[in-house]
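S.K.: The sequence shown runs 422 to 591 under the numbering used here.
Quick one: the structure is below, questions incoming.
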Amino acid sequence: MDEERTEAPDVETGEQEAAAEEGAEGDGRGRKSRSAWSEAFSDMQQVVEDVIEGVRQFPPVSARGPRLDLVRTADRGYRVYVDLPGVDREAVDVTTVGDELVVAGERERPALPEGSEVLRAERSHGRFRRSLRLPADVDVDAIRARLVEGVLEIALPRKGTVESREVEIE
422 MDEERTEAPD
432 VETGEQEAAA
442 EEGAEGDGRG
452 RKSRSAWSEA
462 FSDMQQVVED
472 VIEGVRQFPP
482 VSARGPRLDL
492 VRTADRGYRV
502 YVDLPGVDRE
512 AVDVTTVGDE
522 LVVAGERERP
532 ALPEGSEVLR
542 AERSHGRFRR
552 SLRLPADVDV
562 DAIRARLVEG
572 VLEIALPRKG
582 TVESREVEIE
């Protein structure tokens with residue numbers, strides 16, 4: 422009887438070890454060598470970094486417009502501070518629509534020297550619009566705004582204090 426013998430599949434030969442050390446695709450057992458895994462991981466890492474860099478070219482989803490703060494002042498009025506660096510006063514509109522305060526405008530794309538190539542773009546430009554619901558006690562007719570050093574400050578004074586009075590019944 423002839424018996425057919427096969428070598429155990431997990432035994433490496435000297436040639437296979439040398440090939441694995443030189444960065445071959447496998448070790449003869451259906452597994453990738455460390456250098457092949459390292460190369461694959463490096464390629465995946467580069468793809469992820471490229472995707473992240475591409476996403477950085479766009480403003481984050483949460484950046485619906487310029488950032489703002491709403492503050493209650495000591496006199497119980499309110500202030501809104503809106504970051505608008507590089508935006509001219511003429512390029513901003515502050516309006517009230519119903520019970521909302523709306524800040525809208527446009528930040529111009531900065532001019533670049535002739536022949537320049539943008540390698541990284543993080544500053545936002547284009548149209549923007551932010552709105553927020555006004556507190557119920559704001560005197561809409563007394564709202565004031567000023568733009569100083571790239572920060573728009575909007576003063577929202579409260580309506581006069583409500584004095585109690587007796588209402589005559591007819």
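We treat Cβ as the ideally placed atom computed from N, Cα and C, and that holds for glycine.
Over the uninterrupted beta strand (DSSP E) stretch that includes G547, give me the two end residues.
M.R.: By 1-based counting over the sequence shown, the position of residue 547 is 126. In the DSSP assignment, G547 falls within the unbroken beta strand (DSSP E) covering 547-554.
S.K.: Examine the Cβ distances between the region 500-519 and the region 562-572 and report whether three or more of them are shorter than 8 Å.
M.R.: Judged by Cβ distances under 8 Å, the region 500-519 makes contact with the region 562-572, as three or more pairs qualify.
S.K.: Tell me whether R528 is buried or exposed, calling it buried when 16 or more other Cβ atoms sit within 10 Å of its Cβ.
M.R.: Within the sequence shown, the letter at position 107 stands for residue 528. Per the 10 Å Cβ criterion, buried.
S.K.: Residues in its own chain within less than 6 Å of V524 by CB, not counting five upstream and five downstream?
M.R.: Start at 1 with the first residue of the sequence shown, and residue 524 comes out as number 103. Excluding positions up to five away in sequence, the list reads V503, V515, R551.
S.K.: Report the rounded CA-to-CA distance for E553 versus I473, giving the unit in angstroms.
M.R.: Start at 1 with the first residue of the sequence shown, and residue 553 comes out as number 132. Start at 1 with the first residue of the sequence shown, and residue 473 comes out as number 52. Position check: residue 553 holds Leu in this sequence, whereas Glu was assumed. So the two alpha carbons sit approximately 31 Å from each other.
S.K.: Identify every run of the beta strand (DSSP E) within the region 504-588, keeping only runs that are complete inside it and at least 3 residues long; order them along the chain.
M.R.: 513-518, 521-528, 547-554, 565-569, 572-577
S.K.: Relative to the C-alpha of D558, which residue among G486, Q467, F462, D496 is closest?
M.R.: Start at 1 with the first residue of the sequence shown, and residue 558 comes out as number 137. When each option's Cα is compared against that of D558, the closest is D496.
S.K.: For A576 and G507, what's the separation of their Cα atoms in angstroms?
M.R.: For the purposes of this step, residue 576 is taken as residue 155 along the sequence shown, with counting starting at 1. For the purposes of this step, residue 507 is taken as residue 86 along the sequence shown, with counting starting at 1. Computed Cα separation, rounded: 21 Å.
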